[in-house]
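Top line first, the protein sequences correspond to chains A and B.
Using our numbering, the first residue of the first sequence is number 1, and each one after it goes up by one.
Using our numbering, the first residue of the second sequence is number 1001, and each one after it goes up by one.
Idealized CB from N, CA, C, for every residue including glycine.
Computed from a prediction, not measured in an experiment: that's the story for all the values here.
Below: one structure, written as structure tokens.
There are 2 protein chains.
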Amino acid sequence: MIRVTYLLETPGDPRAMAEKIAADQSTGTFTDLPAETDALRARHAARVEEVTLLEPLPQPSLPEGAGPVRRARATIAFSPDSIGGDIAALLTVTTGGLFAARGLTGMRVLDFDLTPDFAAHPGPQFGLEGSRRLTGVAEGPIIASIIKPSLGLTPDQTAEVVRTLCEAGVDFIKDDEKMMSPAYSPFEARVDAVMAVIRDHAQRTGKRVMYAFGLSSADPDVMMRRHDHVVARGGNAAVVNINSIGPGAMAFLRRRSALCLHAHRNGWDLLTRHPGLGFEFRAWQKIWRLLGVDQFQINGIGAKYWEGDDSFVRSFADVTTPIFSEADRALPVVCSGQWGGQAFQTWARTGGTLDLMYLGGGGIHGHPNGPAAGVRAIRHAWAAAGAGLTPAQAAADCPDLAASFQRWGMPAT
Amino acid sequence: MIRVTYLLETPGDPRAMAEKIAADQSTGTFTDLPAETDALRARHAARVEEVTLLEPLPQPSLPEGAGPVRRARATIAFSPDSIGGDIAALLTVTTGGLFAARGLTGMRVLDFDLTPDFAAHPGPQFGLEGSRRLTGVAEGPIIASIIKPSLGLTPDQTAEVVRTLCEAGVDFIKDDEKMMSPAYSPFEARVDAVMAVIRDHAQRTGKRVMYAFGLSSADPDVMMRRHDHVVARGGNAAVVNINSIGPGAMAFLRRRSALCLHAHRNGWDLLTRHPGLGFEFRAWQKIWRLLGVDQFQINGIGAKYWEGDDSFVRSFADVTTPIFSEADRALPVVCSGQWGGQAFQTWARTGGTLDLMYLGGGGIHGHPNGPAAGVRAIRHAWAAAGAGLTPAQAAADCPDLAASFQRWGMPAT
Chain A
1 MIRVTYLLET
11 PGDPRAMAEK
21 IAADQSTGTF
31 TDLPAETDAL
41 RARHAARVEE
51 VTLLEPLPQP
61 SLPEGAGPVR
71 RARATIAFSP
81 DSIGGDIAAL
91 LTVTTGGLFA
101 ARGLTGMRVL
111 DFDLTPDFAA
121 HPGPQFGLEG
131 SRRLTGVAEG
141 PIIASIIKPS
151 LGLTPDQTAE
161 VVRTLCEAGV
171 DFIKDDEKMM
181 SPAYSPFEAR
191 VDAVMAVIRD
201 HAQRTGKRVM
211 YAFGLSSADP
221 DVMMRRHDHV
231 VARGGNAAVV
241 NINSIGPGAM
251 AFLRRRSALC
261 LHAHRNGWDL
271 LTRHPGLGFE
281 FRAWQKIWRL
291 LGVDQFQING
301 IGAKYWEGDD
311 SFVRSFADVT
321 TPIFSEADRA
331 LPVVCSGQWG
341 GQAFQTWART
351 GGTLDLMYLG
361 GGGIHGHPNG
371 PAAGVRAIRH
381 AWAAAGAGLT
391 PAQAAADCPD
401 LAASFQRWGM
411 PAT
Chain B
1001 MIRVTYLLET
1011 PGDPRAMAEK
1021 IAADQSTGTF
1031 TDLPAETDAL
1041 RARHAARVEE
1051 VTLLEPLPQP
1061 SLPEGAGPVR
1071 RARATIAFSP
1081 DSIGGDIAAL
1091 LTVTTGGLFA
1101 ARGLTGMRVL
1111 DFDLTPDFAA
1121 HPGPQFGLEG
1131 SRRLTGVAEG
1141 PIIASIIKPS
1151 LGLTPDQTAE
1161 VVRTLCEAGV
1171 DFIKDDEKMM
1181 SPAYSPFEAR
1191 VDAVMAVIRD
1201 HAQRTGKRVM
1211 YAFGLSSADP
1221 DVMMRRHDHV
1231 VARGGNAAVV
1241 NINSIGPGAM
1251 AFLRRRSALC
1261 LHAHRNGWDL
1271 LTRHPGLGFE
1281 FRAWQKIWRL
1291 LGVDQFQING
1301 IGAKYWEGDD
1311 SFVRSFADVT
1321 TPIFSEADRA
1331 LPVVCSGQWG
1341 GQAFQTWART
1351 GGTLDLMYLG
1361 GGGIHGHPNG
1371 PAAGVRAIRH
1381 AWAAAGAGLT
1391 PAQAAADCPD
1401 LAASFQRWGM
1411 PAT
């Protein structure tokens, strides 16, 4: 059975609400029907397996009526006969009507427990190992940066930033997620200009920096043409705005892709920020890993957005926990307002691993001693964190890190 | 310029928040950068055009801090240079980071005002006129039904329900949105069984009922194989679970489609139900019409879901209001708990038009005198509503409608 765990909130009886959802999402409608026989229901109806009552809430999550409201965690089992291994079927059958149900004032999908049918999905093509192989970073975090300013640079100007970042010593660079194919930087021209720098740097130094190009388009045919152009120029990665293209386009791309797919989840916050509505990241990220995400952006400690540190720590565990096998783990991309100071807490709170990509934008471009110093500071911070040093100890023998602390503050430990 | 109108909510200054969003969604990041010059900002930064302060709210929409919070409607103009006519670019640039912004306690996209670049999208292939032509319904509502029970019927059992509905006199039948290709009713086998009945009915009566098959899959290649199978069997329509496949897969399908595409918007409620968060339907439906939706499900008066009548009335106006031309209007599909009694209010509140599809599931299958009586009752209700009669007048000369009133209640006028 496919088991889905929900957080349900209602002024009524949460158990009755779970039963209603199970019926609505399988065989029922608003009125009794002669053909909805007991035999049909027994075979195809979803079944409520467990309901755990939680503390009531003083205010409903949706502003529909007054509080308090009752809450429960409910697990409903769906017949795999109805869903098979298709993600569109999973979404429609187990969540499609959920958010429309009358009488619910909050509803959140906490987790999907999937059947092996879903293991037929391709999953990540590169993940951690492939990312290490392609970047040549055998150990330690893959140090990454992003083109800044996000928008407005021509291909040649972008290439100049790429040269600066290559010389600064990063392992990976990406387009800003808002950079796709604007009039002033058409995709193909940008690839040509950037890859010339990447190739040149590789020839001179032996280091091939991975560049992820923003190939997203709501037209999969356009996306594939962009993909092919990157491959033709010797590139090996792409930024994919997964919510803006949707699951089907992601599946289409992955099946044909020779590139390492770096997922930017912009738009996701709408689906998760209200704690009584939407999806937990644990549930949602499984879908995208099965569809083929190699590298998953998940914010970081002290992110510039709303998301708190605890949520980031859970996300890190989520994307690195196998669904069906080790091969379906994604590389966690720690990002948003990162400049190295967060390495200490990140290391301490994610199980002391160095298997991650660490992405600094402003933290590298905006370092007071320049981008190379920004990269040195970040590498030093991670080496020190991994060796169990404190930020103060780490800064003592690295003037660039000391300068970071002066610029952005002394990190908490 | 591409103009996007937002509803913003913050404990701080809504004008400052609008400026922050304009910066974050174009050239800015969390720290000042040397390359973010005034010249670059002047050309590429998004601009706040208008901010209208609204009444404060006592409680924030997101449970982050206490109320009251201030609210404003803000219009921000984005350079078409950055977005072109790509819907993935539109979503990422104008909404991607919005829901993540710190300090906002509510944010909703109210409308998109698009540039002619977006008119290059194919839009609906059939819409109202194509739907009328294919069903042979020259005037009046296209009367539609759905296979019930939603799940659990084999292809042969489905075909039997189709026969009953054809004989009952419907113009259109659809798979339940949860019916795609389950183990007990594989897509191709269901198409074969159903189309045999549709063809037979057409030969005997001259009436070709339109059947929309649920071809959704998160794999566009699978979806196209299903599409081709429907075409090969002489079918002319499909149900598309637009949120479960995403914009890219919809664009892919539309470009290759010979079928009339009937959009089911399951999952949409998560994006709109909280009035302080997400998207207004007015904004969101534009995207899907440009991508190619022909027939758009929008609930109805007295729907079985949370959505109120006023919202439905606005949706009806939205899908029938041209974006760039008359050709991009979708056929409104009035549905959810419909049985005919709502015809009077629907007619009165949507401008007295009969250009719609009216979809009854339980209201036809569950009619006390059988499905044919259910269809007769619905047709009579619409004829009466269009002639300006009251429900009581309408029931006086139609025993089947009188029976509906007895079963489901006397409609309000």
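Bridge partners for residue i per DSSP, in chain order?
i, result
"residue 357 of chain A", "A/142 and A/333"
"residue 174 of chain A", "A/146 and A/212"
"residue 1109 of chain B", "B/1006 and B/1279"
"residue 240 of chain A", "A/263"
"residue 1053 of chain B", "B/1072"
"residue 1048 of chain B", "B/1076"
"residue 296 of chain A", "A/263 and A/332"
Counting only beta-carbon separations shorter than 8 Å, does residue i have a partner in chain A?
i, result
"residue 1414 of chain B", "This structure gives no information on residue 1414 of chain B, because the portion of chain B shown stretches from 1001 to 1413."
"residue 1095 of chain B", "yes"
"residue 1369 of chain B", "no"
"residue 1270 of chain B", "yes"
"residue 1091 of chain B", "yes"
"residue 1434 of chain B", "Residue 1434 of chain B is absent from the model: chain B starts at 1001 and stops at 1413."
"residue 1359 of chain B", "no"
"residue 1016 of chain B", "no"
"residue 1364 of chain B", "no"
"residue 1318 of chain B", "no"
Could you tell me the distance, in whole angstroms, from the CA atom of residue i to the CA atom of residue j?
i, j, result
"residue 66 of chain A", "residue 60 of chain A", "7 Å"
"residue 375 of chain A", "residue 169 of chain A", "7 Å"
"residue 1237 of chain B", "residue 97 of chain A", "23 Å"
"residue 1106 of chain B", "residue 1279 of chain B", "11 Å"
"residue 116 of chain A", "residue 86 of chain A", "11 Å"
"residue 2 of chain A", "residue 22 of chain A", "13 Å"
"residue 1329 of chain B", "residue 50 of chain A", "46 Å"
"residue 1284 of chain B", "residue 1110 of chain B", "9 Å"
"residue 1205 of chain B", "residue 1171 of chain B", "13 Å"
"residue 1299 of chain B", "residue 1250 of chain B", "21 Å"
Buried or exposed: where does residue i fall if 16 or more other Cβ atoms within 10 Å of its Cβ makes it buried?
i, result
"residue 1108 of chain B", "buried"
"residue 1400 of chain B", "buried"
"residue 1195 of chain B", "buried"
"residue 58 of chain A", "exposed"
"residue 1138 of chain B", "exposed"
"residue 1054 of chain B", "exposed"
"residue 952 of chain B", "What the structure shows of chain B is the stretch from 1001 to 1413, and residue 952 of chain B is not part of that stretch, so it cannot be assessed."
"residue 1396 of chain B", "exposed"
"residue 307 of chain A", "buried"
"residue 273 of chain A", "buried"
"residue 1351 of chain B", "exposed"
"residue 320 of chain A", "buried"
"residue 135 of chain A", "buried"
"residue 326 of chain A", "exposed"
Residue i CB to nearest chain B CB: under 8 Å?
i, result
"residue 172 of chain A", "no"
"residue 262 of chain A", "no"
"residue 244 of chain A", "yes"
"residue 81 of chain A", "yes"
"residue 411 of chain A", "no"
"residue 325 of chain A", "no"
"residue 202 of chain A", "no"
"residue 312 of chain A", "no"
"residue 315 of chain A", "no"
Which bits of chain D does residue i rub up against, with CB to CB less than 9 Å?
i, result
"residue 1126 of chain B", "In the displayed structure, chain D is absent; the protein chains listed are A and B."
Is any heavy atom of the ligand FAD found at a distance shorter than 7 Å from the C-beta of residue i?
i, result
"residue 113 of chain A", "In the structure on display, the ligand FAD does not appear, and there are no ligands present to speak of."
Query raised in the report: Going along the chain, which residues of the region 1209-1240 of chain B sit with their C-beta nearer than 8 Å to a C-beta in chain A?
Result: 1216, 1217, 1218, 1219, 1220, 1221, 1222 and 1223
Requested in this report: Check each residue of the region 1049-1078 of chain B: if its Cβ is closer than 8 Å to any Cβ of chain A, include it; give the result in chain order.
Outcome: 1059, 1061, 1062, 1063 and 1064
Report task. Give, in chain order, every residue of the region 1001-1014 of chain B whose Cβ lies closer than 7 Å to some Cβ of chain A. Result -> none
Requested in this report: Taking only beta carbons into account, state which residues of the region 1275-1302 of chain B come closer than 8 Å to chain A, listed in chain order.
Outcome: 1275, 1276, 1277, 1278 and 1291
Query raised in the report: Listed from N- to C-terminal order along the chain, which residues in the region 1188-1200 of chain B have their beta-carbon within a distance smaller than 9 Å of any beta-carbon of chain A?
Result: none
Report task. Return the residues of the region 97-120 of chain A that lie within a Cβ-Cβ distance of less than 9 Å from chain B, sorted by chain order. Result -> 97, 98, 99, 100, 101, 102, 103, 104 and 107
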